[in-house]
Amino acid sequence: MPNSRNREGKPDIHRRVEVSRRVQQDYYEDDAQFFYDAQQNQIGGVEALPSAAVKIENIMDEDGSVVGSAAVGDSVTGAGGAIEGAVCGGILAPLVPTPVMRMNDGGVCLSMHQPWAGLLVAGIKVHEGRVWSTDYRGRLWIHAASSQPHDIEEVEKRYAKFSAPHQKFPKHYPTRVLLGYVYLMDCMDRETYERTYTPEQRQEESPFSFICAVGKALPFPLPMSGDHKLFRLNHKVHTAAKKQLMEIS
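Position 63 (the sequence shown) corresponds to 63 in the UniProt record's numbering; numbering is contiguous.
If you want it as structure tokens, here you go:
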């Protein structure tokens, strides 16, 4: 295979095709610079992660397994304005992840069906319904399950009122891939959810609702299989995802 570091003379379309090919062939570990070069033509910049020394406690899921961590005394902060360069928009005020949430990444992941997975990562959908609860708070990677999306136009029409002005819906809804991450800010039972949000603001009617803040989408979704409830990403995939976003060197 040709050296991926010597592609400056090729048209951008060839670079993007090559990135997709390398991703499909599972060339995860050695692509940081190649992903970075390709991203410069798409997003133009990288946000630095904050650094801090904090006390961390493990978070247990309902089955007793450790799925992530959170800072002692960490709390949810609501505020207007941008989150990671985008807004949740619409009639819902965006939530701002705490510095500790931004700093910590245990690779905790949730598998969802399309097109809802894509809408969540895009920040158009910010509430995700579940029949189970969790105490986990923090970065939550989103995986698109294998089932093919249906009724996309109908779903987009429903969520259009929650999108920010001029915000575009995803062009594609790929399946069996890691899409990016959001921040899980809260998990509300039905009573709390209905007390907190007006009927016009509600996106779910499930026993529990995950309240999310916008994170980041992967420029090149990574192929992988999902699992039930909250699960940890494979180290190889997790590393590749963070390298794409230039959150590790």
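The beta-carbon is built from N, C-alpha and C at its ideal position, and this holds for glycine as well.
Just so it is clear, the structure is predicted and the values come from calculations on it, not from any experiment.
Which of helix, strand or coil DSSP assigns to G45: Taking the sequence shown and counting its residues from 1, one reaches residue 45 at position 45. With a pLDDT of 40 at G45, under the threshold of 50, the modelled position of this residue cannot be trusted; read the value that follows with caution. In the three-state reduction of the DSSP assignment, G45 falls in the coil class.
For E128, three-class secondary structure by DSSP: One-based indexing of the sequence shown puts residue 128 at position 128. Strand, per DSSP.
Pick from H143, F208, M188, M101 that is closest to H228, judged by C-alpha positions: Counting from 1 along the sequence shown, the entry for residue 228 is found at position 228. The residue with the shortest Cα to Cα distance from H228 is H143.
Under 9 Å between C-beta atoms of H127 and E204: As a position in the sequence shown, residue 127 is number 127, starting the count at 1. As a position in the sequence shown, residue 204 is number 204, starting the count at 1. Their beta carbons are under 9 Å apart, which means H127 touches E204 by this criterion.
Assigned exposure category for I248 - 16 Cβ within 10 Å defines buried: Position 248 of the sequence shown, counted from the start, is the residue given in the question as residue 248. The residue is exposed, with fewer than 16 neighbouring Cβ atoms inside 10 Å.
Where the alpha helix (DSSP H) containing A217 begins and where it ends: Stepping through the sequence shown from its first residue, residue 217 is reached at position 217. Looking at the DSSP string, A217 is not in any alpha helix (DSSP H); the run it does join, the beta strand (DSSP E), is 208-223.
Proximity to R232 [Cα-Cα], best of M185, T134, M112, W141: In the sequence shown, the residue the question calls residue 232 occupies position 232. Considering only alpha carbons, the answer is W141.
Residue 253 - partner residues in DSSP beta bridges: No statement about residue 253 is possible, as the shown extent of the chain runs from 1 to 249 and does not include it.
Simplified DSSP state of R202, which is helix, strand or coil: Within the sequence shown, residue 202 is the residue found at index 202, counting from 1. The answer is coil: DSSP assigns R202 none of H, G, I, E or B.
Three-state secondary structure assigned by DSSP to R176: The count along the sequence shown starts at 1 and reaches residue 176 at position 176. Here R176 sits in coil by DSSP.
Given 8 Å, three or more beta-carbon pairs between the segment 172-179 and the segment 114-133: Between the segment 172-179 and the segment 114-133, the count of Cβ pairs shorter than 8 Å is three or higher; the stretches touch.
For L110, the residue or residues it bridges with in DSSP: Mapped onto the sequence shown, residue 110 falls at position 110. The partner list for L110 (beta bridge, DSSP) reads I142, L230.
Residue environment, D105, which counts as buried when at least 16 other CB atoms sit within 10 Å: Position 105 of the sequence shown, counting from 1, holds the residue named residue 105. So D105 counts as buried.
Distance, K157 Cα to D151 Cα: Within the sequence shown, residue 151 is the residue found at index 151, counting from 1. Within the sequence shown, residue 157 is the residue found at index 157, counting from 1. Approximately 10 Å between the Cα atoms of the pair.
Coil, strand or helix - L95 by DSSP: Taking the sequence shown and counting its residues from 1, the one referred to as residue 95 is at position 95. Collapsing the DSSP output to three states places L95 in a strand.
Rounded separation between S75 and D186 - CA only: On the sequence shown, residue 75 is found 75 positions in, with the first residue counted as 1. On the sequence shown, residue 186 is found 186 positions in, with the first residue counted as 1. Because S75 carries a pLDDT of 37, less than 50, the predicted location of this residue cannot be relied on, and no value is offered for it.
Where E247 falls: helix, strand or coil (DSSP): As a working note, residue 247 is residue 247 in the sequence shown. Here E247 sits in coil by DSSP.
Bridge-paired residues (DSSP) for D151: Counting from one through the sequence shown, the residue named residue 151 turns up at place 151. Partner(s): none; D151 has no beta bridge.
Per DSSP, the bridge partner or partners of M188: For the purposes of this step, residue 188 is taken as residue 188 along the sequence shown, with counting starting at 1. Looking at the DSSP assignment, M188 forms a beta bridge with S209.
Start-to-end residues for the alpha helix (DSSP H) that takes in G118: Taking the first residue of the sequence shown as position 1, residue 118 is located at position 118. Taken as a continuous stretch (DSSP letters only), the alpha helix (DSSP H) holding G118 covers 116-122.
C-alpha distance - P170 paired with G118, whole-angstrom precision: Looking up residue 170 in the sequence shown gives position 170. Looking up residue 118 in the sequence shown gives position 118. Cα to Cα, P170 sits roughly 7 Å from G118.
Expected contact under 8 Å - CB spacing of R139 and Y183 to nearest Å: What you label residue 139 is simply residue 139 of the sequence shown in a count that begins at 1. What you label residue 183 is simply residue 183 of the sequence shown in a count that begins at 1. 6 Å between Cβ atoms; contact.
Three-way DSSP call (helix, strand, coil) for Y193 in this model: Your numbering for residue 193 matches position 193 in the sequence shown. Y193 falls in the helix class under three-state DSSP.
Cutoff 6 Å; reference S133; Cβ partners in own chain excluding five residues on either side: Taking the sequence shown and counting its residues from 1, one reaches residue 133 at position 133. Counting only residues of its own chain and dropping the five nearest sequence neighbours on each side, S133 has a CB closer than 6 Å to the CB of C187, F208.
Short Cβ contact (9 Å threshold) for G215 with V121: The sequence position of residue 215 within the sequence shown is 215, counting from 1. The sequence position of residue 121 within the sequence shown is 121, counting from 1. Taking 9 Å as the cut-off, the beta carbon of G215 is found closer than this to the beta carbon of V121.
Spatially closest choice to E200 from G129, T98, P99, Y159, by CA coordinates: Within the sequence shown, residue 200 is the residue found at index 200, counting from 1. Checked all of G129, T98, P99, Y159; the closest Cα to E200 is Y159.
Any non-hydrogen atom of the ligand ATP within 8 Å of Y159 CB: Ligands in the displayed structure: none, and consequently the ligand ATP is not present.
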